[in-house]
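Using our numbering, read the sequence shown as starting at 147 and increasing by one per residue.
We put the beta carbon where it would ideally sit given N, CA and C, even for glycine.
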Amino acid sequence: MKKRIVLLMAFIALVLAGCLNTESDVKEDDSSTDSTSETAEDKGTGTASAPTIEILGMSTSEDDLNILRDQLTKNGFNVELNIQPDYGSFTSQKEAGNYDLALNSWTTVTGNPDYAVRSLFTSDGDNSLFADEKADELVNKASTQLQDEYTETYKELEQHVVFDQAYIVPLYVSYKAQAVNHEVIDESTVRLPKSRAAVWEDYDFVDESKRDSEPLILQQAIGALTSLDPIKGNDGSINTLNTNMYVRLVNLTDDDQVVSDGSLSLNHAIAEGNEDYYFLLRDDINFAAVEDMEAVDTGERVGAEDVVFSLERAKDKDSVPDHRTYSLHESMKEISIVSDLSELDTAATDGGTVREKLEEGIDNEITELVTDKTQVDNESGVYQVVKVTTENPFPQVLNYLAHQSAGIVSKDQVESINTYDVEDYDVNTDIAYGDQRTVTEGNSYDNTLYASGPYIMTHKNDYEAHFVKNPAYMPGTEKEPKISEVIVKFIQDPDSALSALRNGEIHILNGVPETKYDIVEEDDKLTLQQNESNGVSYLAFNMDNREVSSSVPLRQAVLYSVNQEEIISFYQGNKMNAVSTVTPLVDTGLSLEADSEKVKELLSEYDGN
């Protein structure tokens, strides 16, 4: 009986992956951007009854597809390639369920292992790949443990998800690399954090006199934006954009430490017991709006009321249609504004009191707490303090509060826009806060964005998005944005993006392909910056109404067909081995090795069922 398996290869990148071509691939299949096939029988390695794998992917991942095609063919599978030209075409196919296996890229942008697994490996995760009670139990168990305890739990999770059930097939961990035109941009101001998105407010020109007269020009691959409401998207189309439009309670350093620097909090503290988290708010950030393509100070302070509203909606999956980040914030039980000053005298988890921790390094001690943001005056010692209480002890909640989905929106503005009934929301007639149509040229909608971060988007089209500086974002401090205008160009093809950098059309390229490092290093005007990343590429099986959905041996046969060492060699050593999305964060000691003999046994077991 012929068995047909549809394999969808998706490339969802927070950074650009390289366009990879081997000499043999080019010679054997110059038409791989169209539907093509190469069977195991053609190569003399299989039979006519070999399982057929249909691989659907994007042109940007063509070389990964070619490598996987060859590896699977050699292990007895028939392989067909169907390469789509863009992310939208791929998404349509994925949403229709026309696949058996998907190639995804996941980056843990919060720097903590719970983020690496909760969204993907829990039954109710907002990007859930499968439903498995044991995986749910292990994810939740690890979330309550400290680092010296959770390593063994994550090892058990990887064993179950990858090896026992073969829900995913790990490929590799990527490095982070970006190139800077150091003749235009002061490279010392350009950070390359392991997890956090780009920090635009730090960037500066070599010639500082250009700050107000010339734009900073950046690039990203995806121009169709999920949403400019921070809770409604968690993908490469909006992560960097929303990170720079909405301030958060805390931030991550370049090596994933949680800090208050550059956030809405002057300081934060953890009460003894690790269930209560306190944040002392600063009073020098107002929301910005857009009028006549310019950013204006609304005069509305970003305050505790907005924090409570933003975090309550972040953890409520029914607060907006198609909420994609709620699982990141469901650990929060209550978000409140502290009004009793004596509450800050409670013991802190690492000694002293919460109040002592909140007052470290600030200019004026806390003399009064208020619940009305219009009454705040830090210079007089009048502050607001927000408290986040978790369901269970969960220090990793701080990492989630540093994520772009925890960006602070204006309570009044969002409530004035989102007047629809969530259950009856109609994308064709209802315009939600953050809908990209409100900033897209040619549409008749008004720009209704209110930005609490350093920049706000004024408008976009199919080719680029324009941002301007928030005039009321920490003015007079080192975190006041230096460059007045930012343009983000949408360039999907990595080679075209690199050419744009070399030609001076963009100033910084985030996501230099591994095979292009030498080109950057040989260009006198460019600097290559590198760092390890939390980005993992992996294959995920379609667990709904497909033959692979019910056959563990078939899934395992694919698992052991993939040779990571061959892939890493192709990338000239600029990839690292992976077991799961938690690999960059926790060393479980597990590893995946290709095993052709085991593949034969598994396919035989599959044929016998």
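Local Cβ density within 10 Å of residue i, reported as buried at 16 or more and exposed below that
i, result
"Lys280", "exposed"
"Glu743", "exposed"
"Ser477", "buried"
"Tyr591", "exposed"
"Val573", "exposed"
"Pro231", "exposed"
"Gln366", "buried"
"Asp171", "With a pLDDT of 34 at Asp171, under the threshold of 50, the modelled position of this residue cannot be trusted; read the value that follows with caution. Answer is buried; the Cβ neighbour count reaches 16."
"Glu624", "exposed"
"Met439", "exposed"
"Ala417", "buried"
"Thr604", "buried"
"Leu748", "buried"
"Asn607", "exposed"
"Ser750", "exposed"
"Asp188", "In this predicted model, Asp188 has a pLDDT of only 46, less than 50, meaning its place in the structure is not dependable; the value taken from the coordinates is given anyway. When all chains shown are included, Asp188 counts as exposed."
"Gln217", "buried"
"Ala277", "exposed"
"Gln756", "Since the first residue shown for the chain is 147 and the last is 755, residue 756 is missing from the structure and cannot be characterised."
"Asn413", "buried"
Inter-residue CB distance, residue i and residue j (contact presumed, cutoff 8 Å)
i, j, result
"Lys721", "Ser320", "6 Å"
"Ala248", "Leu700", "About 16 Å separates the two Cβ atoms, so there is no contact after all."
"Thr517", "Ser485", "5 Å"
"Ile431", "Val393", "6 Å"
"Val725", "Leu736", "5 Å"
"Asn538", "Thr256", "About 18 Å; that fails the 8 Å criterion."
"Val682", "Thr729", "6 Å"
"Val585", "Pro361", "Between Pro361 and Val585 the Cβ distance is about 17 Å, and since that is not below 8 Å, they are no contact."
"Val663", "Ala703", "First, the amino acid is wrong: residue 663 is Tyr here, not Val. Actually they do not touch by this definition, with Cβ atoms about 35 Å apart."
"Val708", "Leu317", "7 Å"
"Arg357", "Ser630", "6 Å"
Cross-strand partners of residue i (DSSP beta bridge)
i, result
"Gln638", "None, per the DSSP bridge assignment."
"Thr499", "Ala493"
"Lys721", "Ser320"
"Met439", "DSSP, once it has assigned bridges, lists no residue as partnering Met439."
"Val484", "Val531"
"His612", "His605 and Ile633"
"Glu358", "According to the sequence shown, residue 358 is Asp rather than Glu. None; Asp358 has no bridge partner."
"Gln676", "Ala323"
"Tyr424", "Ala415 and Lys533"
"Asn397", "Val405"
"Ala646", "Bridge partners of Ala646: none, in fact."
"Met478", "Thr536"
Under 7 Å between C-beta atoms of residue i and residue j
i, j, result
"Phe455", "Glu446", "no"
"Asn224", "Ala196", "yes"
"Lys557", "Asp452", "yes"
"Ile481", "Glu506", "no"
"Gln239", "Leu371", "no"
"Leu647", "Ala344", "no"
"Val694", "Asp246", "yes"
"Gln542", "Asn258", "yes"
"Asn397", "Gly408", "yes"
"Ala636", "Tyr601", "In the sequence as displayed, the identity of residue 636 is Phe instead of Ala. Cβ distance not < 7 Å, so Phe636 and Tyr601 don't count as in contact."
"Leu284", "Thr268", "no"
"Gly657", "Leu374", "no"
"Pro627", "Glu347", "yes"
"Ala262", "Thr254", "yes"
"Glu678", "Thr536", "no"
"Asn616", "Ala441", "yes"
"Ala415", "Leu303", "no"
"Leu515", "Leu487", "yes"
beta-carbon residue i near the ligand PLP non-hydrogen atom, thresh 6 Å
i, result
"His306", "Among the components modelled here there is no ligand, and therefore nothing to report on the ligand PLP."
For this session: Could you tell me whether the region 527 to 535 touches the region 424 to 438, using the rule of 3 or more Cβ pairs below 8 Å?
Result: Judged by Cβ distances under 8 Å, the region 527 to 535 makes contact with the region 424 to 438, as three or more pairs qualify.
Exercise. Taking three-plus beta-carbon pairs below 8 Å as touching, is the region 496 to 507 in contact with the region 270 to 290?
Worked result: Fewer than three Cβ pairs drawn from the region 496 to 507 and the region 270 to 290 lie within less than 8 Å of each other, which leaves the two stretches out of contact.
Exercise. Can at least three beta-carbon pairs, one atom from the region 386 to 400 and one from the region 543 to 563, be found at a separation below 8 Å?
Worked result: Result yes; three or more Cβ-Cβ pairs closer than 8 Å.
For this session: State whether the region 653 to 660 contacts the region 294 to 306, with contact taken as three or more CB pairs (one from each stretch) at a distance under 8 Å.
Result: Judged by Cβ distances under 8 Å, the region 653 to 660 makes no contact with the region 294 to 306, as fewer than three pairs qualify.
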